[in-house]
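Residue numbering for the sequence shown follows the working numbering, starting at -14 and increasing by one per position.
We put the CB at the ideal spot given by N, CA and C, even for glycine.
As the structure is a prediction and not an experimental result, all values here were calculated from the model.
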Amino acid sequence: MPIYFAFALTFFTFVPINAARVLLSLYALELGAKPLAVGVLAATFSVFPMLLAVLAGKVTDRFGPRWPVLFGTVVVLGGMLVPYFIPGLPALYIAAAMNGFAFAFFSVSLQNLVGLLSPLHDRPQNFSYFSLMVSTSNFCGPLFAGFAIDHSGHAVACLQVALFSLAPMVMLAVWGGALPRGTRDAAPPGSVLDTLAEPAVRKVLATSSLIMSGQDLFQTYMPVYGHGIGLSASAIGVVLGLFAGAAFVVQVVLKRLIARFSMQALLAYTFYLGAASFILIPFFENAVVLALLSFAFGLGMGCGQPIITMLMFSHSTEGRTGEALGLRITVNHLTRVAGPVVFGSIASVLGVLPLFWINALMLASGGMLSRPKK
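See the structure below:
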């Protein structure tokens, strides 16, 4: 029962955070924000995960996942109430920062929870199922945000996202006692620097940051691109939702793909498919075509995240798995902080379209890095 509870908890925890990313970006555009301001808003989501993920990993190693996840959901609820009660661009930045603060705690805790509950032979399957739940939430979150905006307006949509956060709180209150409680003992000797000294770990972190950069740029600037060509919020939500839907599809068969190909080869194919999708997006303005390209991009990215998580968990020291996964999240969000600001500056000067081609080059380089050695 605990592993299935972990999957359900993942879904209900990630839906509001994924809805918030799209909702706050579209709200900022509605208030007249420029691409640079939207990029900074996206970066704000990542400041606290960058700073606190390793600490959050240590907390979940010591105390177990129940309280870090509960704390995170409470912060998400409070953060999304801010723009409901205080309209304006500054409130959106506060909400984004609070969502990022929450993400630092519940993301690493839930990943580590799945690893701890999974015997070695079940680990690929269970991390795949975990990614399925994340992908499902990535599909439902943007759809929820898009339709909520179209039917209720941006401010009320923030309230609706906040109320959704009550679901994981109730789940933890009723069934949270079944989750691992943590060791509360001293961690094994060593530090984060010891983990970083491993070449395999550094390679995992590099490829992870490239996947995260590509995924975030898509989720941040596809709404900007869609808004610029006149797509409705609902259409943008569908385009982003199909990205997550494709990730869901590929993760259903991920265990078979891993059995057929090596993890490194599959990771390389992930990057190449993502690069091809990014190259083509700026040539089209039709919502159906963009949805198909979004689906293709999701097929690629959907393989990458669970493979990276499995590799990182496998390279971590027993008793410090949360800390190692927190390190990965820290590096990912360092990319998330710097990337949107840099890309937002480029977009302000050259427009949004070059960003897709620049990121295509980055993803192609990730494919070269991930190729298995002959």
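For Leu275, the three-state secondary structure derived from DSSP is helix.
Going by C-alpha positions, Leu101 is about 10 Å away from Phe298. Here DSSP, grouped into helix, strand and coil, assigns Lys43 to helix. Put simply, the backbone Cα of Gln236 is about 10 Å away from that of Val119.
By the beta-carbon neighbour count (other beta carbons within 10 angstroms, threshold 16), Ile134 is buried.
When rounded, the separation of the alpha-carbon atoms in Met35 and Gly307 is 15 Å. CA-CA distance, Pro184 to Ala250, rounds to 18 Å.
DSSP, read as helix, strand or coil, puts Leu265 in helix. Contact annotation: the region 21 to 41 does not touch the region 130 to 144, with fewer than three C-beta pairs closer than 8 Å. In this model, Leu319 and Val32 are separated by some 8 Å (Cα to Cα). Assigned with DSSP and collapsed to three states, Pro153 falls in helix. Taking the Cβ atoms as the reference, Leu310 lies roughly 6 Å from Gly42, within the contact range of under 8 Å.
Within a 10 Å sphere around the beta-carbon of Arg313 sit 16 or more other beta-carbons, which makes this residue buried.
In this structure the region -6 to 8 touches the region 60 to 73; the number of beta carbon pairs closer than 8 Å is three or more.
Restricting attention to Met347, Ser198 and Ser247, the CA atom closest to the CA of Pro109 is found in Ser247. Inter-segment contact for the region 348 to 356 and the region 260 to 276 is present: three or more beta-carbon pairs are separated by less than 8 Å. The C-alpha of Gly211 is placed about 19 Å away from the C-alpha of Cys125.
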